[in-house]
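From first to last, the protein sequence lines stand for chains Z and Y. Once you know that position 64 of the first sequence is 64 in this note's numbering, the rest is easy, because the numbers rise by one and skip nothing. Converting from the second sequence to this note's numbering requires adding 1000 to each position, the first position being numbered 1. All residues carry an ideal CB built from backbone N, CA and C; glycine is no exception.
2 protein chains.
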Amino acid sequence: MKAQKAHLKLCTRGGILQTMGNDNAKMNVINRSSRNVRAFISQEKLDVEAFITKYNGQSVDTLLPHSAIKKFCFRPDVPSYRILISENGALPWEKNQYISLFIEDEDDKEICIKHMRFPVFFYLLSVSLGFLCVMFVCLWSGTWRGGFAWDGSFLQFNWHPVLMVTSLVVMYGNAIVLYRVPLTWSRWWCKRAHAGLLFVAMVLSVLGVCAAFDFHTANNIPHLYSLHSWTGISTVALFTLQWFVGLCAFLLPWTPLAFRARLKPLHIWMGIAIFILSLITSLSGINEKLLLTLNGRNGSNTKPYTALPAEALFANSLGIAVVLFGLLVLKLLSSQKWKHPESENETDRVRV
Amino acid sequence: MKAQKAHLKLCTRGGILQTMGNDNAKMNVINRSSRNVRAFISQEKLDVEAFITKYNGQSVDTLLPHSAIKKFCFRPDVPSYRILISENGALPWEKNQYISLFIEDEDDKEICIKHMRFPVFFYLLSVSLGFLCVMFVCLWSGTWRGGFAWDGSFLQFNWHPVLMVTSLVVMYGNAIVLYRVPLTWSRWWCKRAHAGLLFVAMVLSVLGVCAAFDFHTANNIPHLYSLHSWTGISTVALFTLQWFVGLCAFLLPWTPLAFRARLKPLHIWMGIAIFILSLITSLSGINEKLLLTLNGRNGSNTKPYTALPAEALFANSLGIAVVLFGLLVLKLLSSQKWKHPESENETDRVRV
């Protein structure tokens, strides 16, 4: 069985250096001869001086082998204990830095699993609902609306709901909850999967917009007149902007860490705002499509929307599934407890 | 000048009792003879034993006058320091409880003001946007759509957008950010204002639904066929349920505190979900109304929606204002930093 990380944090809050971690981590510090202790270091500034010498008869080197200081992690929700360390020592690292120790510990796995039971349940539920949304929107366009083409006809427009729901709702939603689950992925891979999934979503959403614009042009329908189109085009524009800013700030290696750290809260908030805009746009879009196609005109044989034919029931259910998927994703995002332990700080490049 | 509260927290994290607060609070403990020290106590369970005897030569009674233990407050974002307290003492309160001290302190006012500059700006912006939304929806229905009546005609339907936007978006939004601003209100008044504002919103939203249903009945239009109506009726139903559950759980005095504390995260999450549902429903409703009325039929003299006449521009702008208002409210709610210091725990009735 692969060993899990336990967390033994050393921080300088209030001017007194201390370690925090669960009891397993504590025992592992004491009996660390058989364990792999790794120390991670951050650039987070603190306004107090840190100091450390002894813990329970052990020297600093036992707690913090210099060679292993690599990376920072902050995880405030793990059950913690505290060890006080006397004041008569010097720091083995720079002043005003925030320190964490990670200790390999099999028993800590249980804590991780217990902590992740709920988010994993919600995540699986949201993945299932996302799959249902894609299936429903494909069936609606593919079966009820006659299938797909790229010839300027209604069949071309059918790509629009499929591509928009798939990209801006389902793929986008899955990409933004990546930092919550699964826990075993490294931050490095989470970032790449997040950016990659969003890149595919961005391409598909632009294609979806093109499908609608081409259809309008071919049928002399003006572009961007409805409220749906106003919110929709804003969503796609903001999404594209957010993706490029995110790429430059968080993936290119030469971005200053201080800039990353300052941008991150805005990036997170914009990401959630764009997702809510996507939900708003999707629902008004499905409603608009049904009002425009099931109106007893256009030579359609179907019953009008007001009579709630099977297609209307089906597409309304798609709308409800989209809402439920969206609320589940927002639920997953809302919990501070389910954050990745390593995703708190922008320190990928700090390798001391 | 009225003195503000500074925070001196005593907590049992890791089995060692300690106080946390800013430097002003620390000084005020030391020189407390001229200050009004109040201790607040919670029912939060911790899995360690707490102990306290001395701080800097002062006795427990100096730090925690028994008579004043009243209420709990937890505010992790206030700049903090820590005092360690030796182990050879007994607790003046129950084991496994979480303790906070509040100290009157004029200097701390500056910290509060600095902390609240951003939320106050966002709050004023959201109030202005909310006012704009109400004004726009009244003008749309009152002027562009011919005014109001309660006679089963289109003029009766005009009440629907006005009442729904006013109640479920603007009043609801203002009611849910009450716990963020203004800081000078007591929790007791925040609760009552929150419940009262939501009660008025609930009554208005039910009236708004009645306006639409009556109009449908008078004009032989089926009820609840569109996706807008499905999300709308769900929103109003969930809102009504949430209000009654909230009343029973958080305002009636005989509800067990443990039940309150367990329900609170769900209550908060449901509140936000209902607000997002309101935004989704409003946007699809405005879009639907424009598609149904500006369709070149119904003997209307106006240009169709596709030609984007002045009314369409106006109502689309209303939709954008609603979205911006909603995102601002969600921004205000999202920040942990802007939480009321006293709103963390359900301890209104704990007066020891």
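Please compile the residues from chain Y whose C-beta is within a distance smaller than 9 Å of the C-beta of residue 160 of chain Z.
Residues of chain Y passing the Cβ test: none, with the nearest at roughly 15 Å.
CB residue 177 of chain Z to CB residue 137 of chain Z, shorter than 8 Å?
no
Who are the neighbours of residue 278 of chain Z on chain Y, taking C-beta pairs under 8 Å?
Those within 8 Å of residue 278 of chain Z in chain Y number zero; the least Cβ separation is about 11 Å.
Between Y:1151, Y:1199, Y:1279 and Y:1263, which has its C-alpha nearest residue 1216 of chain Y's C-alpha?
Y:1151
Please list, in chain order, the chain Y residues whose beta carbon lies closer than 7 Å to that of residue 179 of chain Z.
Within 7 Å Cβ-Cβ: nothing; residue 179 of chain Z doesn't reach chain Y, min ~16 Å.
Tell me which residue opens and which closes the alpha helix (DSSP H) that residue 319 of chain Z is part of.
310 to 334
Please determine if the region 309 to 326 of chain Z and the region 1250 to 1268 of chain Y are in contact, where contact requires at least 3 C-beta pairs separated by less than 8 Å.
no
What residues of chain Y sit near residue 230 of chain Z, judged by a beta carbon separation below 8 Å?
1316, 1319 and 1320
Closest by C-alpha distance to residue 1229 of chain Y, when choosing among Y:1258, Y:1283 and Y:1259
Y:1283
Select from Z:135, Z:277 and Z:247 the residue whose C-alpha is nearest the C-alpha of residue 193 of chain Z.
Z:247
When the Cα of residue 1242 of chain Y is compared with those of Y:1294, Y:1273 and Y:1307, which residue comes out closest?
Y:1273
Report the three-state DSSP secondary structure of residue 377 of chain Z (helix, strand or coil).
Any question about residue 377 of chain Z goes unanswered here, given that chain Z covers just 1 to 352.
Could you spell out where the alpha helix (DSSP H) holding residue 1206 of chain Y opens and where it closes?
1187 to 1218
CB contact flag (residue 1286 of chain Y, residue 1307 of chain Y, <8 Å)
no
So, under 8 Å CB-CB, residue 169 of chain Z and residue 326 of chain Z are touching, yes? Tell me the CB distance rounded to an integer number of Å.
7 Å
Under DSSP, the alpha helix (DSSP H) around residue 166 of chain Z begins and ends at which residues?
Counting along the chain, residue 166 of chain Z falls outside any alpha helix (DSSP H), and DSSP gives it neither H nor E.
Which value, in whole angstroms, describes the spacing of the CA atoms of residue 249 of chain Z and residue 256 of chain Z?
8 Å
Mind listing the chain Z neighbours of residue 1312 of chain Y? Cutoff is C-beta to C-beta under 7 Å, in chain order.
225
Considering only the beta carbon of each residue, do residue 328 of chain Z and residue 125 of chain Z sit closer than 8 Å?
yes
Is it buried or exposed, residue 1018 of chain Y, if we count other Cβ atoms within 10 angstroms and call 16 or more buried?
For residue 1018 of chain Y, the predicted model reports a pLDDT of 36, less than 50, meaning its position is unreliable and no value from the coordinates is stated.
Nonlocal neighbours in the same chain, by C-beta distance under 8 Å from residue 147 of chain Z, ignoring five residues either side
141, 155 and 158
Between residue 1305 of chain Y and residue 225 of chain Z, is the Cβ-Cβ spacing less than 8 Å?
yes
When we look at the beta-carbon of residue 160 of chain Z and count the other beta-carbons within 10 Å, is it buried (16 or more) or exposed?
buried
Alpha-carbon to alpha-carbon, residue 289 of chain Z and residue 1318 of chain Y:
21 Å
Under the three-state DSSP convention, the category residue 1289 of chain Y falls into
helix
Give the secondary structure of residue 280 of chain Z by DSSP, where H, G and I count as helix, E and B as strand, and everything else as coil.
helix
Residues in the region 230 to 250 of chain Z having any Cβ partner in chain Y nearer than 9 Å:
230, 231 and 234
Rounded C-alpha distance that separates residue 1197 of chain Y from residue 1275 of chain Y:
14 Å
C-alpha distance - residue 1281 of chain Y paired with residue 254 of chain Z, whole-angstrom precision
44 Å
Compare the C-beta of residue 334 of chain Z with all C-beta atoms of chain Y and state if any pair is closer than 8 Å.
yes
Of all the CB atoms in chain Z, is at least one closer than 8 Å to the CB of residue 1123 of chain Y?
no
Beta-carbon separation (whole angstroms), residue 1179 of chain Y vs residue 1201 of chain Y, contact threshold 8 Å
Going by Cβ atoms, the distance from residue 1179 of chain Y to residue 1201 of chain Y rounds to 16 Å, so no, they are not a contact pair.
Checking 8 Å against the spacing of the C-beta atoms, do residue 291 of chain Z and residue 1291 of chain Y come in under that value?
yes
Below-8 Å beta-carbon distance, residue 269 of chain Z vs any chain Y residue
yes
Measuring only between beta-carbons, confirm whether residue 331 of chain Z sits less than 8 Å from chain Y.
yes
So, is the C-beta of residue 323 of chain Z closer than 8 Å to a C-beta in chain Y?
yes
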